[in-house]
Structure formats: structure tokens, C-alpha cells
Amino acid sequence: MSIVKVNENFSPRERAAFLQEKLKSLGFSSISWVSSTGSTNEDLIAAGLKGSGNLSVIIADDQTAGRGRRNREWLSERNTSLLMSVLFRIREPKEQLGLYSMKLSLAACHALHELGFVDIRIKWPNDLIVTQGNQTYKLAGVLAQTITESGETLIVVGIGLNIFPGNLRQSLPDQNIIALSEIGDAPDRVLLAERMLEWLAKLDQDDSLILDQYASFVDTIGRKVRISTATEEIIGDAITVNPNGSLLIELANGEEREVFVGDVVHLR
């Protein structure tokens, strides 16, 4: 029996049922789509602690308490963004945890390239960016959170991807932000979620492919950068991304530093 094609004009429950059926052979434990929630990441953390399976997914039309890196508020207007979180249950060394946020960023890049948005790049660690002239604009942000329980690690990775600008620029006037509708024809969110999850399932099957694919999309390597962490500011040349997802920086004195998290500004 053929699957009836569903788009975002259908109800959240119908969208979730469509994605669950369409992607049922790819290993997703559950896919839900809700009209509104506080935070898709927090919802999945709670679900994971109650036993939700690997590759559980929550998508929302609206978030009222979304967060970005360093606990910053993540603002979104209803139906203007793809707000999605994925749960991974793993028993792997902690040094591999950075790969999981890479997977979601890569899945988004691959999906967007298939849909005609071929200029999308990644700014380390996992922001999706678009460069126009001398300006770089943020299209999407990715946040990973981890909890270890009984020898098992729960990793929840969430993405907020701007489809339409809505009131983002009024809410965040000091940030360079862009939406897909400003660089092409805005895709249906159900289609975009479907393509992203298809790619995520592929990438999750073979971690050995992640670094090479990430290197083909990342725009940070070879640039002089300024990185602000919770405790310091680092300026140097971005040399490479290590297998654990950290960024290797060469300082002016020749010293090399490994950075695991921080806000990056491309200086050249």
C-alpha cells in the first residue's frame, strides 16, 4: 500500500505518523511532532531517562524555552523554523561524543544540498552558515547535551534551522541571521525533516565516514579565528578537526591548543 504524502498543512500528529511510516526501516525508535513545547532537547532528555530508545525524535512547531550554547535563549516564531532533537543511546568512549552533533549538522547540510541550497557550510563546531560577499550569516544552530546513567550515555542533539525570518532580526538585532526563504524557495518542513533523518540514519551507520564528510563542509579550517570559551578567549589559526570533534588551534607563539567548545568568530 502506498504512503499518502503529507506536508506541513497536515496536523502535527499526521506529520509524525507519516515520517514514522516512511522511515520505519531506518532504525528510528519513535518520531513525534508537537505543536508547542518548552524545549525539544529537554523533552527528549526526560524521555530518555524513562527508557525511550535510540534514535528517538521530537519535532516542534514552536519552542517557548529553547536554549543554545552556554545556556543562551534560543528564539523562534511558530512555524518559521525546523526545531528537531534526536536521542542517541550509546556505550562508547566519551572522546567520541563530539561525533554525534557532527552527524546532525552533516545530515542537515546533505539534505539542504539535495534541495538546492548548495552554499550551506558549517562553522565549527556545528553552526550552519551562508556567506554572501564579506558577510557570514547564521542559518542554524546545533546543541548537544549528555547524561550518563548506569554505564550508558544519553546524547540529545537538537537543531533550530531558520526557514522564514519571522521576527528574528527584531529579537536579535546584533546577530547576522538568515533564513532559507531569503536564499531560495523555502522547503516544506516535513520534506526537510524526512531528508535530514534519512541522511542521519546513513551517517549513524558508519562513524568512519563522519570526519571526511565534515571536512568537506566545514568553513573554519585554514582561517584565523577568535574562540570565546567560558573561561578564556583564544586567537589563532584553525588547523584541523580532531577525531573527537575538537578544533586544533595554532597560537601565534607556535603552541597548539585543543578546543572542545566555544563561540567562534572567523577573523579572515
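Residue 1373 in the numbering used here sits at position 125 of the sequence shown; the count goes up by one each step and never skips. Built from N, CA and C at the ideal position, the CB exists for glycine as well.
Reference residue i, options the options, closest by Cα
{"i": "residue 1380", "options": "1276, 1273, 1368 and 1388", "result": "1368"}
{"i": "residue 1299", "options": "1500, 1274, 1413 and 1337", "result": "1337"}
{"i": "residue 1311", "options": "1269, 1377, 1286 and 1297", "result": "1286"}
{"i": "residue 1267", "options": "1514, 1289, 1445 and 1357", "result": "1445"}
{"i": "residue 1396", "options": "1294, 1390, 1465 and 1363", "result": "1294"}
{"i": "residue 1386", "options": "1443, 1398, 1413 and 1484", "result": "1413"}
{"i": "residue 1284", "options": "1272, 1262 and 1308", "result": "1308"}
{"i": "residue 1344", "options": "1500, 1498, 1507 and 1492", "result": "1492"}
{"i": "residue 1391", "options": "1515, 1511 and 1257", "result": "1511"}
{"i": "residue 1325", "options": "1480, 1482, 1409 and 1481", "result": "1409"}
{"i": "residue 1271", "options": "1465, 1447, 1509 and 1469", "result": "1447"}
{"i": "residue 1482", "options": "1359, 1329, 1497 and 1458", "result": "1497"}
Whole-angstrom C-beta distance between residue j and residue i, which should lie under 8 Å
{"i": "residue 1407", "j": "residue 1350", "result": "Not quite, the Cβ-Cβ distance comes to about 12 Å (not below 8 Å), so this is no contact."}
{"i": "residue 1440", "j": "residue 1335", "result": "20 Å between Cβ atoms; not a contact."}
{"i": "residue 1347", "j": "residue 1455", "result": "6 Å"}
{"i": "residue 1252", "j": "residue 1278", "result": "Not confirmed; about 20 Å, so no contact."}
{"i": "residue 1384", "j": "residue 1424", "result": "7 Å"}
{"i": "residue 1437", "j": "residue 1330", "result": "5 Å"}
Three-state secondary structure (DSSP) of residue i
{"i": "residue 1471", "result": "coil"}
{"i": "residue 1372", "result": "coil"}
{"i": "residue 1458", "result": "helix"}
{"i": "residue 1249", "result": "Here the model assigns residue 1249 a pLDDT of 48, short of 50, so the residue's position is not dependable, and the following value carries that caveat. Three-state DSSP puts residue 1249 in coil, outside helix and strand."}
{"i": "residue 1487", "result": "strand"}
{"i": "residue 1308", "result": "strand"}
{"i": "residue 1479", "result": "coil"}
{"i": "residue 1298", "result": "coil"}
{"i": "residue 1429", "result": "helix"}
{"i": "residue 1393", "result": "strand"}
{"i": "residue 1438", "result": "helix"}
{"i": "residue 1497", "result": "strand"}
{"i": "residue 1331", "result": "strand"}
{"i": "residue 1263", "result": "helix"}
{"i": "residue 1516", "result": "coil"}
{"i": "residue 1504", "result": "strand"}
DSSP bridge partner residues for residue i (one or two, in chain order)
{"i": "residue 1336", "result": "1403"}
{"i": "residue 1281", "result": "1307"}
{"i": "residue 1275", "result": "Answer by DSSP bridge pairing: none, since residue 1275 is not bridged."}
{"i": "residue 1377", "result": "1369 and 1386"}
{"i": "residue 1409", "result": "1330 and 1388"}
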